[in-house]
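Just so you know, our numbering puts 1559 at position 1057 of the sequence shown, and the rest follows in order with no gaps.
We put the beta carbon where it would ideally sit given N, CA and C, even for glycine.
Here the structure comes first, spelled out in structure tokens, and everything after it is commentary.
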Amino acid sequence: MSGRMLKYLSVEVWLKSVLNKRAAVLLIIAAITLFFAGQIPNLKFSTSVYDLIIEDLPESAQYDAFKRIFGSDEIIRLVVKADNVFESATFAKLEQLSEAAAAIGGVRRIISLPEVRKAVDIGGKWNLEEFAGILIPVKLFERNLVSTDRKTTAITLVLNTDADYDQVIGAVEELISKSPADLSLYQIGMPLVSQALAQFTEKDFFRLPPVTFILIAVVLFLLFRSFRYLFFPLACVSLAMVWTFGLMALTGIPLSMLIMIVPVFLIAVGTAYCLHIVSACMAASKGARTQEEMVLNAFSSIGFPTILAVVTTIIGLGSLLLNRITAIQEFALFSCFGMVSLLVIVLTAFPAGLSYFPIQQPRKSKPGNVPGVIDRFLEWIVRIDLYHQKWTLTIISAVVVFCLIGIFQLRVETNPVDYFKADTPVSRHFHDIYHHLSGSFPINVTMSGPEEYYFESAENIANIARIQEYLDKLPGVDKTISFADYLKLVNYASNQFKSENYRLPEEAWEARMLINSYKTMLGEDLLVRFMKPDFSTANILLLTHLSSSREFLSTRGEILKFAGKEFPQDLSWEVTGFGVVISASSHLLTSGQVKSLSLTMVVVFGIMFLLFLSKKVGLIAVLPNLFPIVINFGIMGWLGVDLSMFTSLIASIAIGLAVDDTIHYMVRYNREFRKDLDDRRALRETILHLGKPIVFTTITISIGFAILTFSSFKPTAIFGAMMVITMLSALVGDLILLPSLMMHVELVTLWDLIRLKLGEEPREGIPLFSGLSRTQINYIIMAGSLKEFGQGEILFRKGDVSDSMYAVISGELEVLDQQTDTETANEMRVHKLIQRLGVGDVVGEMGLLRSVPRMATVVGKKPGELLQINMKMIRRLQWLFPPTAHRFFFNLMNILCDRLESATVCLTELSLEDDLTKFLNRRGFMKVLDAETYRAQRFQEDLTMLMLSVDFDRDILAVPVDTQDRLIRSICNCLVSDIRRCDTFGRLDIQTFALLMPRTPPDSAGVVCERLRSTLKKRRFESDGIRARVAIELTEVGQDPELSIQDLIQSASERVAGAERI
């Protein structure tokens, strides 16, 4: 495990701060919990079949445009059954029901037999038998309003777009409850499906999570027989749920059919994570002296894997955000927040609260006790992994191939009716109505002409009827209704209900006359439902018993294919409706699932690669997590379970959960393996140590999801069952497949040894490897060798010849310049320390490149190891891997440049002379000033300093550098003859000079100052049109030992800044 990662995450530092302020931590967690708990009363339920659609689909935009033109197609059909609906007493009851339904708020129009009778028999002169006889030729009403056997009729409630569906359904249900006993009534329609979804969701929400909570509590008690290890996991899960639902209420997002899964998910998964922590606490309690020590040791060892496990779970869930269905995105969002909340609580409240309890020593098994069932099971697993790998891998491969074949039989499907079990009212009524009348799920086919009033033509109206003839024959289509059907009815009614007149108009004038009669007899409202006001677009309503997304899309494809082939090309066609939208949304699940899985697998591989710095280990870590996904989808394919909005979640959730155990296993295995590099012992110890938590987590998660199988909501039940299968498959992957594969991978390489010594990656710890990929560094490292050195051991001497260089992996070296004069005795040789080299530094590069005698002697200061690289290996690298060699030499050049720069800086720092004026520079002048100040103070001598400041008649940034240099050199040349040889003149910065006059009282110094002023006044310093002026000010250094030379210079600079310029 990467020490660098651990260092950056600082789990131990975090835990220490939590334990030091445990009371404050618990108070903060309690305050946050109270805040979110206060929001929960505002939580709302809102489950609808409309949650299953993707709003930004072209099909959705098409459907919205349709509703703006033709109005909402939402209907509720009140189905009435009797011995004979045309019997006078029965018909009177139908009239009462129709009138009562029309009075319900949100109902725009009623279509029923009584309403038809009012429209066609205005005078009321027909008896019911005559009325029934008149309806016989009218195909419009057949299986639409009345069944062929006259025993079933429907009252259709066409709803307003803004209708309160629940209120309408409730009002209709009240009508049904008050209906006469000799009538059999029920209602059906998409609003009923949505309401049933909401009811089942709410019912499951209040029933399943508590049952899951209780069952898992029982499991925890049976496993640990300890109150604290029962209380803390359940408390952590409970707090995470409060935070999650509090946020849901705070954001105003209601509980939907998918979010209902969140509490069960958090209970199962949260408890599973806590099981690993409890196991670590029980192991840490054996050697701990205090409870704080036990908590710190346990959480320090388990904290990092837990963080990684939660992160990968969040990644698995977060990948669902790529899905475009809003309900799935909301599920992913709150599941991720719940996992983050759980992680925060587990790393704060859990250790803080547990630290208040005294150490509880684990129960000791009595001598001679027979190992438990789990222990025997784990021993059996160890034997299989160690001695029967060929058989297990062969069997697993066969199962995978079998399931891969099943995946190709998987169907993408969304069927809202199939969400309900066969005995539920919604399912029974959906299948009952189309046996007597027509189905309740509509499809709308619109045909648009090239111009306005296109469908006022008799020929074009006939095309509507022609397409209907085809539509009526499609599978699942029970009835088609269009403008043409109502025009036939108007013609029939306008010609004394003679059967031969139930036909479409044949002439243009006849069509216009019937359209005017249509508006008068049936009203504009019914006209605009099937015809656009400008008569350019017609709507054909298909009443179907289709509910499968595949059936909807297949029907749409058949319609568009036939229309494009059989009708004029200037007609444009659209097939829309809620069923079409939900079907298109469903089929995007496949691409969304592929993206989610791909992203998750890439991230899991990346995490494992960062942990173990090995591509092989990264791939091996991915395989056990793909295994349960393949098993799940394969079984779904063989059993005919559809890939729906619910079952599509399984893969992302399962990967997030399965990788938890994978991470714990690989981290533990890596730790055990590095003890003695014995892979068989490491496998055994890892499984025996982690086997119980892995088995227990699988049991708890499976129990949690198994509870979902008792849901009355069919997709939730299937989801629960498939999750159980998936988690059991993940157990096989983690305990059999993963260990078997790990036995075939060498974890420790020279790279790993070097990384362990460095404490970081070689490319970061050794500048020579900067910018190289791990593969490229491997080329270099594998050709090199590790060399140990001891304290005082000489690596090489000055004058030795060699073609090798060394990178310091651990320890410390000293580079010494040793006198080589043969006339000097060895014991009298002078050693000068040139440099100390530590981890990551490089030495001997000159010998590698030039094969010249060594320029210095290198001796071990602290014992350590070196990576030796020789020229023979580099030449081979140039031949086989030119880009790697190029980068290697580039880095070597950078190292040489850095050393050259360092040498340049040293030379610059040692220089005491200003290059321009040949006077002392600031460093040289300050050394003299420091010595003279000390002498003046000690011997009570006078010391005076003259400060000169050079200014230009414009901003210095606007003066060219060469002009500045000429002017300053001219000023200095002018003054040099007036400066005493016993005085010291120096340049402090680009514009400031100082003259130090030792043993000179102020009066004598004043004479010198005036002489310099006089000299400067006689000259005009000008170059390139730029003039320089000089200010001079005298300063007595004084004998105050408390005054530093820096303060002295600062004071003098301030005085000269205000002096007169010459």
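If one requires a minimum length of 4 residues, the alpha helix (DSSP H) runs lying completely within the region 1478-1533 are 1504-1519, in chain order.
Residue K1216 holds the alpha-carbon nearest to the alpha-carbon of Y921 among M743, K1216, D623.
For G805, the three-state secondary structure derived from DSSP is helix.
The DSSP assignment places complete alpha helix (DSSP H) segments of no fewer than 4 residues inside the region 969-1055 at 985-996, 1010-1024, 1026-1032, in order along the chain.
Put simply, the region 819-836 does not touch the region 1178-1188. Fewer than three CB pairs are less than 8 Å apart. For P1365, the three-state secondary structure derived from DSSP is strand.
P712 and F1148 have their C-alpha atoms spaced approximately 21 Å apart. Runs of the beta strand (DSSP E) lying entirely within the region 1402-1462 and spanning at least 3 residues, in chain order: 1445-1454. The bridge partners DSSP lists for V609 are L661. If you draw a straight line from the Cα of L798 to the Cα of I1109, it comes to about 25 Å.
Per DSSP, V1558 is one residue of the alpha helix (DSSP H) stretching across 1547-1559. In the three-state reduction of the DSSP assignment, W1075 falls in the strand class. Per the C-alpha coordinates, the member of M1447, I761, L1469, A621 positioned closest to C1484 is M1447. With contacts defined by Cβ atoms closer than 9 Å, A742 and I1203 do not form a contacting pair. With a cutoff of 9 Å on beta-carbon distance, F547 and V744 are scored as not near each other.
The region 924-934 and the region 1153-1168 do not touch, with fewer than three beta-carbon pairs separated by less than 8 Å. The alpha-carbon separation between D1305 and N1372 amounts to approximately 6 Å.
The region 1506-1517 and the region 1453-1469 do not touch, with fewer than three beta-carbon pairs separated by less than 8 Å. If you compare the alpha carbons of E1347, D1343, V1360, L1006 with that of L1335, the shortest gap goes to V1360.
Sorting W1075, G855, L1418 by C-alpha distance to the C-alpha of F734 places G855 at the top. For T894, the three-state secondary structure derived from DSSP is helix. By the Cβ criterion, the region 1160-1175 is in contact with the region 813-821, since at least three pairs of Cβ atoms, one from each stretch, lie closer than 8 Å. The residues D887, Q891, T894, L895, in chain order, have a CB closer than 7 Å to that of S1242 in the same chain once the five nearest residues on each side in sequence are set aside. When Cβ pairs closer than 8 Å are counted between the two stretches, the region 1134-1143 is seen not to touch the region 782-794, the count staying below three. The alpha-carbon of L517 is positioned some 11 Å away from that of F852.
The continuous beta strand (DSSP E) containing S950 extends over residues 943-950. A distance below 6 Å between beta-carbons, with the five flanking residues on each side excluded, links S1051 to the following residues of its chain, in chain order: E915, T916, S1085, S1088.
When DSSP reads this structure, A656 sits in a beta bridge with V581. In its chain, beyond the 5 residues on either side, E561, Y565, I945, F1054, L1055, R1058 have a beta carbon closer than 8 Å to the beta carbon of V1082. Distance between D684 and L677, taken at the CA atoms: about 14 Å. R619 counts as buried, since at least 16 other C-beta atoms from the protein chains shown sit within 10 angstroms of its C-beta.
At a Cβ-Cβ threshold of 9 Å, L844 and G772 count as neighbours. Straight through space, the alpha carbons of M750 and P1007 are spaced by roughly 59 Å. In the three-state reduction of the DSSP assignment, L1297 falls in the strand class.
Just so you know, the alpha carbons of D623 and A591 end up roughly 19 Å apart.
Within its own chain, the residues whose Cβ lies closer than 6 Å to the Cβ of F633, once the five positions on either side in sequence are excluded, are R619, listed in chain order.
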